[in-house]
Amino acid sequence: MMMNLSANRKDTLAVEVSHISNFSVWILTRRKELFMSYEDFPWFKNQTVNAIMNVEELSEGVFLLGRY
Numbered sequence: 181m182m183m184n185l186s187a188n189r190k191d192t193l194a195v196e197v198s199h200i201s202n203f204s205v206w207i208l209t210r211r212k213e214l215f216m217s218y219e220d221f222p223w224f225k226n227q228t229v230n231a232i233m234n235v236e237e238l239s240e241g242v243f244l245l246g247r248y
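Sequential numbering of the sequence shown, starting at 181, is according to this note's numbering.
Structure representation (structure tokens):
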């Protein structure tokens with residue numbers, strides 16, 4: 181499920197959340213696949229699945245969690 185959020189916000193880039201586990205989130209961006217462990221990115225750990233699935237890339241490497 182590729183999410184092109186530019187329809188909602190013109191200043192975001194396409195992002196896909198490919199996997200959510202008990203330990204990490206995998207995110208596909210236009211340039212690469214990112215492994216984001218909760219140890220290194222604790223703000224993802226206690227978020228709802230909906231908030232993680234609606235993550236936006238504001239600029240290369242800068243992510244904003246969905247507000248759900």
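Here a beta-carbon is modelled for each residue, glycine too, at the ideal position from N, C-alpha and C.
Counted within 10 angstroms of its Cβ, other Cβ atoms place residue i as buried (16 or more) or exposed
i      : result
Val205 : buried
Val242 : exposed
Asn234 : buried
Residue i: first and last residue of the uninterrupted beta strand (DSSP E) it sits in
i      : result
Val205 : Ser204 to Leu208
Those residues which DSSP pairs with residue i across a bridge
i      : result
Phe215 : Trp206
Ser239 : Val242
Ile200 : Val205
For residue i, the first and last residue of its enclosing alpha helix (DSSP H)
i      : result
Ala231 : Val229 to Met233
Inter-residue CB distance, residue i and residue j (contact presumed, cutoff 8 Å)
i      : j      : result
Val229 : Thr209 : With 8 Å as the limit, Val229 and Thr209 do not qualify as a contact, their Cβ atoms being about 19 Å apart.
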